[in-house]
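Here it is in structure tokens:
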């Protein structure tokens, strides 16, 4: 069974600092890995999708890396802003077509 | 293009009742997946429908069922509600079957409270 872990569960950073969020997964046989953002009481917004053949993806201030062999992904958010406060979820897709989610990193950016 | 819509947004039921949730995917999307989100278990996969056929199912009891219509809209039904069914139920759509190389787009969710 694929297990996805995100540590720490919660963190606070001052505005302007770079955010580093980690995701680890137990089974390296994945199709892709996706990072989502979830605001309180809301649905999920896809941030970045990394295919299994890729090492990283970038979008604006966001950069996500993938190391399949070690079962790890890292999401970097440069120059954090209060609007980046949210829960960030990592999800991996395997051959059974399901997304397996971590429980998320709850981020607070302090102005 | 309109996003994924879910109705109702909030629902309060009592134990033993049943409930039906609805999801309208993005126009042109044929795959709809359902997830349950709780503070303790996080996000868990319920099932996926593609072209009116259930293609994949998670580890939930038979009280949880779903269907998809010819216009790709999907409904999820939970019978004999239990307190532990209180959760945010999320629906996601994609244009191909969910095992493809593209992302899924999520709706805002239906928050179900069982008393």
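Protein chains in written order, with my numbering: chain A, 14 to 124; chain B, 1475 to 1589. All residues carry an ideal CB built from backbone N, CA and C; glycine is no exception.
Within chain B, partners of residue i - CB distance below 7 Å
{"i": "residue 56/A", "result": "1564, 1580, 1581, 1582 and 1583"}
{"i": "residue 116/A", "result": "1516"}
{"i": "residue 47/A", "result": "1577"}
Beta-carbon neighbours of residue i, restricted to chain A and to distances below 7 Å
{"i": "residue 1519/B", "result": "111 and 112"}
Those residues which DSSP pairs with residue i across a bridge
{"i": "residue 1524/B", "result": "1505/B and 1527/B"}
{"i": "residue 1498/B", "result": "1479/B"}
Interface residues of chain B facing residue i [CB-CB closer than 9 Å]
{"i": "residue 59/A", "result": "1577, 1578, 1579 and 1580"}
{"i": "residue 102/A", "result": "1516 and 1517"}
Alpha-carbon to alpha-carbon, residue j and residue i
{"i": "residue 127/A", "j": "residue 115/A", "result": "What the structure shows of chain A is the stretch from 14 to 124, and residue 127/A is not part of that stretch, so it cannot be assessed."}
{"i": "residue 1568/B", "j": "residue 1495/B", "result": "19 Å"}
{"i": "residue 1589/B", "j": "residue 1477/B", "result": "31 Å"}
{"i": "residue 1547/B", "j": "residue 30/A", "result": "43 Å"}
{"i": "residue 1519/B", "j": "residue 1530/B", "result": "9 Å"}
Whole-number beta carbon distance between residue j and residue i, since they are thought to touch under 8 Å
{"i": "residue 90/A", "j": "residue 32/A", "result": "4 Å"}
{"i": "residue 22/A", "j": "residue 94/A", "result": "The Cβ separation is near 22 Å, so there is no contact."}
{"i": "residue 1543/B", "j": "residue 1526/B", "result": "7 Å"}
{"i": "residue 38/A", "j": "residue 16/A", "result": "7 Å"}
{"i": "residue 63/A", "j": "residue 46/A", "result": "5 Å"}
{"i": "residue 72/A", "j": "residue 61/A", "result": "6 Å"}
Amino acids of chain B, ordered along the chain, whose beta-carbon sits closer than 8 Å to that of residue i
{"i": "residue 6/A", "result": "Residue 6/A lies beyond the range of chain A shown here (14 to 124); nothing can be said about it."}
Uninterrupted beta strand (DSSP E) stretches inside the region 71-113 of chain A (no shorter than 3 residues): 75-80, 85-90 and 99-106
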